[in-house]
Structure formats: structure tokens, C-alpha cells
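For the protein sequence lines, the chains are W and U, in the order given.
177 is the number that the UniProt record's numbering gives to position 177 of the first sequence; each next residue is one higher, with no gaps.
158 is the number that the UniProt record's numbering gives to position 158 of the second sequence; each next residue is one higher, with no gaps.
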Amino acid sequence: MDFLRIQPIHLDVLREIGNIGAGHAATALSTMLNKAVDMKVPSVNVTSFEEISEMVGGAENVVASVFLRIVGDAPGCMFFMLPVDQAERLLEDLLVGQTVQLTNGDESDISLSALQEVGNILSGSYLTSFSDFTGLNLQPSVPATSIDMAGAILSFGLFEVSTVSDYAIVIDTAFTDIERQDEVKGHFFLLPDPLSFSKIFHALGVPLDE
Amino acid sequence: MSEIIKVGIADINLVSPPNTIRTTGLGSCVGVILFDQVKKIAGMAHIMLPDSSLSKTPTLNEGKYADTAIRSLYDMLIKRGANGKTLKAKIAGGAQMFKFTSGSEMMRIGPRNVERVKEELSALKIPLLASDVGGSSGRTIEFNPENTLLTIKTVNAGTKVI
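Right, here's the structure in full:
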């Protein structure tokens, strides 16, 4: 991926993908929790590999995450990531009457499976709207969960891009609980594979200069 | 005052006492430490991928690949006065952060990184004194060139020293 060919309009296109995709996901989350969920305007950044973990509080910050591969016309990686205490509260809202502990090694199968299902629903709705918007055929892989250091998790999404660059284009949408807007609850990260960018731009009628 | 020298992702750095050297959030990546116990000099690389032939860029970031990073770290240490014949190694990382039912090659990147690191070390005849690799936990590692101990912190499996 040659970042010099990326113009502001291309970043706008990617931001719009984040906007629509995460908008649908936030609506799904809001429906699931039966309360309002707000999202920030997505940020699209050309980031160094170091900076990407800074977006979620540093490489060592412990997060609950769901990861999936996007397969089809424009492959890439998608992460749904949130602070552990927020994930616990989210799962407690869903698994009424249960106490959820995610970091002491004795997390129950049901809470991990619930986290995976939440990730599945949210990333599925993100991806469906991304696919509808672009007309590209995109399918999610089976999601996988991990509760661990943000850096260790995010680096898993960087292998494809790392063979062509030391930078990644990350479409990051943060979302918040509407009652406490100052607090960022979680992130959706979309990391298209390097070859996917030209396909996405082409599908939306703003090709890169050849 | 001692300092902690940081090694970023796909990065290489050197250290001598009283400083220590550290890298955070190793997942499938592998942290490689080469050290000369007599001269008290050490270096660390944070490797992402097994082989530089995977690179599709005109200029190569040597710190990113097992083959180029280890050789480059070796050269840096020799240039700083380390004795190539007495260099030893410790490694940590190479986890599989996510478990998938269908395992594509990219999903096995952690074990592949570890295999390649071991091959490079044996090609350079550097003995591997200790390793903490595999599993499914992220690791933060810190090496002290004074006592040559490597401290490994994980979220789920506590802290150990090798």
C-alpha cells in the first residue's frame, strides 16, 4: 500500500465506512442492552504499529476482544475491543443474575461464549452494512475471543499489512454509554488488508490514481 | 539512575548495566535477547514475521523478520564490543492469541516465528539458554544484562523469571 497515493477523499470514504458500519453495530448493541449507546465520529489514521495500541490505552492494557477475519472481495481484520470491567458489566447485563469475571483465569464458558456472540452480532452488523454500502462480497470468519494485552491482540491484525508497510490504515470507531459520555467504552477496529484498499475505493467510485 | 530501554514492535535495541531492556505486548511476535555475560552487553529484537522473503517493500525493516533481525542484532553487538563466540540467547513469545477451528498458515504465525528464530540462532551457533514460548497469552518481557535474567509478565499466567 503506497500511502502517498491516498488523498483526503480516500480517508473520507474510509471514515464513511466506519460511520455506517459502526452505526449499525451501535444500534445492535443498544437493542441488545436496551439502553442508548452513542458513538464518536470514526477516526481514520495512518498509524505506526506502535501507535495502534496507544488507541486502546497502551500495549500492556488488558482488554476483552473479539477478532474475526473478513473474507471475500476485500479481506481484512476486524476487532471489537473493550476494557475488561466494561466487558464484565456488558455481559452481566446480558446474562441476568450472573456475576462475570473475565481476568482471574476462571472465567466461565458461558461468559466467553456470550462475549463471542456479542462480538459476532456487532461485527456482523458492521460488516453487512459495509458490504451493502460498497457492493462488495464480504463474509466474516467464525469469531475468536481473547482477554489479554491490547498490543498482543492487535498485532495479530497487522501481519498482512506488515509485509508491505510499517504503517497501517486503521478505521477506529469508539463508542460510549450515553449516560456517561466522557467515558469511552469500547472500539471497533477495521484493518483492511493492503490489497483491499484499491478494491474498496474502486467500488465507491474514487479509484486511486493508477 | 538506571533506565528502561524500550524496544518497539519490529524494533531492535541494545543495553548495558545498570539499564534494563523491555518490550511490551508480545503476542505471536517473539522477543529475542542476545547477550555477552562477560562484557555485560545485551540486545533485544521484537520480531513480527519469520522470514524477510515475505516482505513486499523495496526497503527492508530488518527488525521485523526473524532472519534479518537476529543477524542485525548480532552485528550491532559485535560492533559494540561483544564477543561473538560467547553470545547466548533467551527468547519469549510466539503465542497463538486466538484459537480457530480452521487453521490457516497465517494463524500459525507464532509457532512459525519461534521455529525460525531457533534456526537462525543455531545457524549463528548461539546457544539458546532459556525460552518461554507458545501458549495463548500475551507477554511483556524485561531483560537485565547485569544478572542476565529475563522477567516475563503475563495477564493470565502470572510472572516468571528465566
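All C-beta atoms in this analysis are idealised placements derived from N, C-alpha and C, irrespective of residue type, glycine included.
From residue i to residue j, what does the alpha carbon distance come to, in whole angstroms?
i                        : j                           : result
alanine 203 (chain W)    : leucine 127 (chain W)       : 15 angstroms
threonine 151 (chain U)  : arginine 22 (chain U)       : 9 angstroms
valine 114 (chain U)     : valine 30 (chain U)         : 7 angstroms
alanine 89 (chain U)     : leucine 124 (chain U)       : 11 angstroms
glutamate 54 (chain W)   : leucine 14 (chain W)        : 21 angstroms
isoleucine 169 (chain W) : glycine 151 (chain W)       : 16 angstroms
valine 100 (chain W)     : aspartate 93 (chain W)      : 10 angstroms
serine 53 (chain U)      : threonine 59 (chain U)      : 12 angstroms
lysine 56 (chain U)      : serine 113 (chain W)        : 38 angstroms
alanine 22 (chain W)     : phenylalanine 133 (chain W) : 13 angstroms
proline 145 (chain U)    : glycine 138 (chain U)       : 23 angstroms
serine 2 (chain U)       : valine 38 (chain U)         : 20 angstroms
asparagine 34 (chain W)  : threonine 27 (chain W)      : 10 angstroms
serine 198 (chain W)     : phenylalanine 98 (chain U)  : 29 angstroms
proline 17 (chain U)     : valine 133 (chain U)        : 26 angstroms
leucine 208 (chain W)    : isoleucine 171 (chain W)    : 18 angstroms
valine 96 (chain W)      : serine 111 (chain W)        : 11 angstroms
For residue i, which option in the options has the closest C-alpha, if you only look at C-alpha atoms?
i                       : options                                 : result
leucine 34 (chain U)    : U:Arg108, U:Phe98 and U:Ile70           : U:Ile70
residue 164 (chain U)   : U:Glu3, U:Ile41, U:Asp11 and U:Thr23    : This structure cannot settle anything about residue 164 (chain U), because the visible part of chain U is limited to 1 through 162.
valine 63 (chain W)     : W:Leu112, W:Leu82, W:Pro75 and W:Ile70  : W:Leu82
arginine 116 (chain U)  : U:Gly94, U:Gly135 and U:Asp132          : U:Gly94
threonine 59 (chain W)  : U:Arg112, U:Asn19, U:Ala82 and U:Gly8   : Here residue 59 (chain W) turns out to be alanine, not threonine, going by the sequence shown. Among U:Arg112, U:Asn19, U:Ala82 and U:Gly8, the Cα nearest to that of alanine 59 (chain W) is on U:Gly8.
lysine 185 (chain W)    : W:Thr31, W:Asp109, W:Glu16 and W:Lys40  : W:Lys40
histidine 187 (chain W) : W:Leu33, W:Gly205, W:Val96 and W:Val37  : W:Val37
threonine 154 (chain U) : U:Ile78, U:Lys79 and U:Gly25            : U:Gly25
glutamate 120 (chain U) : U:Lys6, U:Gly27 and U:Val32             : U:Val32
aspartate 67 (chain U)  : U:Gly158, U:Lys118 and U:Thr159         : U:Lys118
valine 71 (chain W)     : W:Leu138, W:Arg5, W:Pro207 and W:Thr145 : W:Leu138
glycine 75 (chain W)    : W:Leu29, W:Glu51, W:Pro140 and W:Gln98  : It is worth fixing the name first, because residue 75 (chain W) is proline in this sequence and not glycine. Closest option to proline 75 (chain W), Cα to Cα, is W:Pro140.
proline 111 (chain U)   : U:Asn61, U:Lys6, U:Ser28 and U:Thr20    : U:Ser28
aspartate 73 (chain W)  : W:Ile6, W:Leu136, W:Ile153 and W:Arg5   : W:Leu136
aspartate 85 (chain W)  : W:Leu102, W:Val206 and W:Gln7           : W:Leu102
On the premise that residue j lies in contact with residue i, defined as a C-beta separation below 8 angstroms, what is that separation, rounded to the nearest angstrom?
i                           : j                        : result
isoleucine 126 (chain U)    : alanine 92 (chain U)     : Isoleucine 126 (chain U) to alanine 92 (chain U), Cβ: 16 angstroms. No contact.
phenylalanine 159 (chain W) : isoleucine 109 (chain U) : 6 angstroms
leucine 195 (chain W)       : glycine 157 (chain W)    : Their Cβ separation, rounded to whole angstroms, is 15 angstroms, which puts leucine 195 (chain W) and glycine 157 (chain W) out of contact at 8 angstroms.
phenylalanine 201 (chain W) : histidine 10 (chain W)   : 6 angstroms
threonine 163 (chain W)     : leucine 49 (chain U)     : 7 angstroms
Kindly list the residues whose CB is nearer than 7 angstroms to the CB of residue i, restricted to its own chain and excluding five residues on each side of it in sequence; keep chain order.
i                       : result
tyrosine 167 (chain W)  : Phe3, Val46, Thr47 and Ser48
aspartate 148 (chain W) : Val62
serine 131 (chain U)    : Lys90, Ile91 and Ala92
Skipping 5 residues on each side, what residues in its chain have a beta carbon closer than 8 angstroms to that of residue i?
i                      : result
proline 143 (chain W)  : Val66, Phe67, Leu68, Gln116, Gly119, Asn120 and Ser123
glycine 63 (chain U)   : Ala10, Asp11, Ile12, Ala45, His46, Ile47, Ala69 and Ser72
histidine 24 (chain W) : Ser125, Tyr126, Thr128 and Ser129
tyrosine 74 (chain U)  : Leu34, Gly84, Leu87, Leu124 and Ile126
Tell me which same chain residues have a C-beta within less than 6 angstroms of the C-beta of residue i, skipping the five on either side of it?
i                        : result
isoleucine 17 (chain W)  : Phe130
threonine 173 (chain W)  : Gly18, Ala22, Met39, Pro42 and Phe188
asparagine 156 (chain U) : Ser137
threonine 159 (chain U)  : Lys153
Nearer than 7 angstroms: is that true of the beta carbon of residue i relative to any heavy atom of the ligand FMN?
i                          : result
phenylalanine 79 (chain W) : For the structure depicted, the ligand FMN is absent and the ligand set is empty, with no information on it obtainable.
Do the segment 42–56 of chain U and the segment 9–20 of chain U make contact, defined as three or more Cβ pairs closer than 8 angstroms?
yes
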